[in-house]
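Counting the sequence shown from 1 gives a position; my numbering is that position plus 12.
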Amino acid sequence: MSKRAYVEIASDSDDDVRHSAQSSSKRLRRETNGEGPHAKSGRNKGKGKARAVNATVEIDEEQDDENDSEDDIVIPEIEPHVEQDLDQEEFERQNGELVQTQLENKRKDQIPGSIAEHGIIEYIEMHQFMCHKYLKFNFGPQINFIIGHNGSGKSAVLSAITVALGGKSTSTGRGTGLKSFIREGQNAAEVTIHLKNQGEEAYRPNDYGQSIVITRHFTKNGASTWKFKNKDRVVVSTKREELTAICQHMNIQVDNPMNILTQGGDLYGTSSFPLKEFLIDSARKFLSSSTPNDKYHLFLKATLLQQLSDEYELISDNVSEINRLLIAKKNAIPDLKARRDEALARFSEAAKAQEQKERVAALKKELAWSYVSSKAAELEEQETEVATISTQLSKLEDSLSTAKAQFDLADEKVSSLQTEKDRLQDIEGTSRKKIELQDDMRRNKVELQRLNGEIAQVNQAIGETNERLDSLERDIRQKEEEALKVLTPEMRAERQRNIQEARQNVTTLENRMKELLMGSNTKKAEAHDIKGQMEELQKKSTTLQTEIASCNETINTIQGKEEGSLGMYGTNIRLVLEKIRAARWFGEVPLGPLGLYVTAKDPRRWGELLRNQMGRLLVGYAITDPKDRPQLKRILQESGNKRVPAILVHKNELFDYSAGEPPEEHLTVLRALNITNEHVKRIFVNQFHAESRLLTAKREEAESILKSLNSKNGSAWSLDRMFFQIYPEGGSLSTPIYYRLRGAMNLLLTGGDSATEIREWKNRKTEAEERHRTLLRRMDELNAQQASLSNDIGLMDQHEHTLQSRLRDAKRHLAALEFQIEAGDDVSVGLASSRELKESAIKDKESYTEQFKELAMKKAAIDRQQQVIQDQLDQIRKHMSENQDKRNEAARRLEVAFESRLSAENRVKHYTTKHAEKEDQLNAAKEKARLLQEEFTSWRGKASEYSDEVANPRKTEDVKRQLDSLEKALRDRESRAMSIEETTLALRKAEETVKTVMTELKQLVVLSRALHESLIVRRSRWDDFRMYMALRCKLIFQLHISMRGYYGKALFHHKSKELVINVCTVSSCLSGSPDWDSKDQIKGLSGGEKSFSTISLIQALWDCVECPLRCLDEFDVFMDAVNRRTSMRLLTETANASNKKQYIFITPQDMNNVVLGPSVRVLRMSDPERGNGTLSFASSSA
């Protein structure tokens, strides 16, 4: 990199002075110990201007900071820079003659400038750039003229140089972005520049060699890439930062408005003053149309004083930031002092380490015995708790005993009242007994009637037998008498008559037997009919007795059921519900019993029908996950419900069922119920079609309604206990409904209180008993009829037996008579026959006599039984009539006793539960006390082994807190492995840190103050440079303008930031004295004179700019031949005299009438050929 030295304004070399000014724009050097000469200036004369200061800070290292406070350190405040009123005339008076002499000497010497070894362009290539498909230029090292007609693409060369060297596209005046430089119809463009890189100050010569090839490629979509190659086209880098480094090293100022002056460039770095107007369209207007502020701004930008001023502002901001950091550092000092105090505390702790160890040992002993003491206190507290719980348990036992005694008394009272009620109320049993006795009496009456009949038949048979015996004895006596006589004809005729009478008797007996059998069969048929009626009535009687028993069971359930309204759903339902709530389920918590959510709107009318049809579901439960069924079943069984109710699985969905409902005037099952849970409502809809199933009084009404609704799948329940259904495919079905519910389930859907239900069931019981009594009366009538018929049938059977016996005797008598006739009237044979008949009749009489005795005994026994029954009936009637009021009072007292017993039982349960809980609590407390006793014994033994007993130890928490603190300090020390010496070192280090920070803070404060004062000095030097540059520019401008015989001045007003250019031609000067302070002096010049004045100003500014590359586009457009020739000579002489500079000039004019030297190269471009987009060029050198 080029070396740049600080010089005074009085330097012997103008280039050194300019070099110093340019280097100031790139970096700010720190000056210490007064290095670097100050500019000679006459401004420091009693005007309070900035003074040079020594920035070296000396700090007394031996200074004792122990007592220093950060509050004593004052951080300087940075005052904003104020523009000073500079005395330009005084500066020109002191330095003008010297600068004038230097410029004249340089002009007289005519020493040619040397060729630059680096930073100049060797050649440029363009691909698809602007109007060029491909173009390449080889530039000379000093002066280059590019000439050609308008439209040939000359200005594109400078645009390409700007783009390739990283300049802004807007500074070219040819486009607002890179894509505007791409040739029409193409997608990408590329520019390549070869920079010379030789000499001692070459940039990275080992990597790039003697040439640096810079290639920039950009596309329509805005993408842009860089490649930096050496001469052999090897890529060295592709980063944009490499270009910045190259330009900084070679001092190429591509964004300086005075280095590359294009037609549309921005002269001031802004869009306010286009260079095209400056050089072409309005060159003759520039000096008159631009404001003094515009010209002054151009001067600052061209000399880089503006950039240097901006950098000073940035430095000022950085100094302010340093001050803010100093404040932060100052605020951190208390923390450092606090750390120092901590180190001092650690040092104190380390100094007392042995004492702490001994203290720790003592504390450990105390801690051990404090644990024992705390355990003893805990044991004592636990024993107190055991005693307290024991006392509470004893009280609970007393309360439980009292509650049990009260329950026993209540139970005894209930039993006594129940016994009394049963005794009194055995009216129901008495009624049954009365009915049974009446039945027995009726049966005995029937039996007596039957026995009386049989006795009468036996008496009749005995009488008939006696008559027959008498007849046979007479016959025997007669035959014995006749046996003594001889058989005469009269006797034979008599026997014939006897045979005829015997035959007539047999026929009569047979006819009577037929009549008797016909009458007996008729009576038996009537008895059979009565028997059928009796069987039917007996069934009805059994049903009514069952109904009465069910009413009694229901009433007893209502009066004595422990769980009140839950008893109808099963056993221990309250416990079941608690277990359900406490258990964990796979699905939702089960619903149930479902009847808890359902009541009947009209229970008197529809309750019995609905509960008989839906009772199974009313006591059932619903789950959402089948995996919950086993657990719910187990809970029900464990609670005493051996018969597990229905458990349904339902989907937890609230679907719409309204589409299945009939019109509102028709009552359905769902409309007859109040269901408080929507999910239960959906269950009844799914299970019973409750939304559509009708309720009617008669089956016929249900059929009529369903047919009128045109229902294809309707159904109904009717109060006449019928179920009616219509099928979709047609047809219907009617089936009877059987009522099977008994006991507590009869309370389902009632919706009433206990007293009302008891009255209701008692009424039902009374109605059933009345129906039963009516039935019994009818049965008595039928029994009487049956007894009468049985008596008649018995008499007929007896008469039949007698007739059969008489018929047999008559037939035997007839046979004997006929035998006598046939045997020759053998008297002995007849006599023997009569005697046999007599023996048979005697046996029959004896048989009848035995039957009579047996029947008489039976009748006597029944008579005695009837008397006993009659006595019992009389007692029952008397008992029932006497105890009716007592029964009512006993029932009322029993209800009260039931409630008292239930209350006492609840108290027993309560105290039993509390007693069990308290007993478990006592056992747990005793177990805990036992464990504490064991721990206390163990801890005391271990503590005794560890040390002697410490009397009255403190609380464990206090001892442990102190011990932890000491042990932590010891652990911290041991973890750092710090000895007394190390803690001493740490303390010294902390103190040194505080001292060092205080010292550094003071040094930085001094340094900040020095930097601020140095900035003031540099701004003072900047003012000196500005005045020097202004003076040099002014003198050079006057020198160049004088080449045409003009008089000119450049007047700088730094306070108001104005530059006034005035030019006076010879003719105007001869006509009168010019007013150099006037700002309108330039307006009188012609266009050519203004253009020449502009070129003179550019040359003066160029003289102040240190850059190896300078470009100027179409500078002579509006010049006449004389001004152009003078301008060309001025440019070439200035360029030849410039040291290590490369110039590129673009002009549309011909160069034939211009005398060119050997350092000038002319590059001529051909006329444009727009048809194929190709522009060729020819180069020549003079």
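Heads up, the beta-carbon is just placed ideally off N, CA and C, and yes, glycines get one too.
- VAL588 is classed as buried because its beta carbon has at least 16 other beta carbons within 10 Å across all chains shown.
- Given a length threshold of 4 residues, the segment 367 to 453 has no whole run of the alpha helix (DSSP H) inside it.
- Residue environment analysis places GLY160 among the buried positions, since at least 16 neighbouring C-beta atoms fall within 10 angstroms of its C-beta.
- Taking all protein chains shown into account, ASN162 has fewer than 16 neighbouring C-beta atoms within 10 Å of its C-beta and is therefore exposed.
- Nearest Cα to ASN242 within the set THR231, ASN218, HIS261 and GLY234: ASN218.
- Sequence-distant Cβ neighbours of ALA799 in its own chain, meaning closer than 6 Å and more than five residues away, are VAL458 and GLN461.
- DSSP, reduced to helix, strand and coil, places ALA235 outside both helices and strands of the structure shown, so it counts as coil.
- Contact annotation: the segment 124 to 135 touches the segment 196 to 211, with at least three C-beta pairs closer than 8 Å.
- Rounded to whole angstroms, SER385 and ARG942 show a C-alpha spacing of 17 Å.
- A contact between stretches requires three or more CB pairs, one per stretch, nearer than 8 Å, and the segment 539 to 554 meets this requirement with the segment 797 to 815.
- Per the coordinates, the alpha-carbon of SER402 lies some 30 Å from the alpha-carbon of THR968.
- Of the other Cβ atoms in all chains shown, fewer than 16 fall within 10 Å of the Cβ of LYS890; this residue is therefore exposed.
- If you look at CYS259, you'll find it in the alpha helix (DSSP H) that goes 252 to 262.
- For ASP267, there is no enclosing beta strand (DSSP E), since its DSSP letter is neither H nor E.
- In the structure shown, CYS1076 falls within a strand segment according to DSSP collapsed to helix, strand and coil.
- Here the alpha carbon of GLU390 sits roughly 33 Å from the alpha carbon of GLU367.
- In this structure, THR204 lies near VAL225, with their beta-carbon atoms less than 9 Å apart.
- About 6 Å separates the CB atoms of LEU1175 and ASN156; that is less than 8 Å, so the two are in contact.
- Counted as a single uninterrupted DSSP element, the stretch harbouring THR708 is not any alpha helix (DSSP H) but the beta strand (DSSP E) occupying residues 706 to 708.
- The count of Cβ pairs closer than 8 Å, one atom from the segment 1038 to 1048 and one from the segment 1062 to 1071, reaches three, so the stretches are in contact.
- For ALA634, the enclosing beta strand (DSSP E) starts and ends at 633 to 635.
- The alpha-carbon separation between GLY531 and ALA537 amounts to approximately 10 Å.
- Within the DSSP secondary-structure output, GLU137 pairs in a beta bridge with LYS148 and THR204.
- Secondary structure of ALA658 (DSSP, three-state): coil.
- Taking a C-beta distance under 9 Å as the contact criterion, ALA350 and LEU999 do not qualify as a contact pair.
- For LYS313, no beta strand (DSSP E) run applies; the uninterrupted alpha helix (DSSP H) run containing it begins and ends at 304 to 314, by DSSP.
- Taking C-alpha positions only, GLN100 is separated from LYS180 by approximately 35 Å.
- Counting other Cβ atoms within 10 Å of its Cβ, PHE419 reaches 16 or more and is therefore classed as buried.
- Taking all protein chains in view, the Cβ of MET869 is surrounded by fewer than 16 other Cβ atoms within 10 Å, so the residue is classified as exposed.
- If the five residues before and after ARG195 are omitted, its C-beta is found closer than 6 Å to the C-beta atoms of GLN140, all from its own chain and listed in chain order.
- With fewer than 16 other CB atoms across the displayed protein chains lying within 10 angstroms of its CB, ASN305 is exposed.
- Here ILE567 is buried. Its C-beta has 16 or more other C-beta atoms within 10 Å.
- Membership of ALA1133 in the alpha helix (DSSP H) is indicated by the continuous run 1133 to 1149.
- Assignment of beta-bridge partners to THR680 by DSSP yields LEU706.
- Comparing C-alpha distances from VAL426 to each of GLU929, ASP1179, LEU1124 and ARG913 shows the shortest one belongs to ARG913.
- For LEU408 against HIS922, the beta-carbon gap comes to about 10 Å, at or over 8 Å, which does not count as contact.
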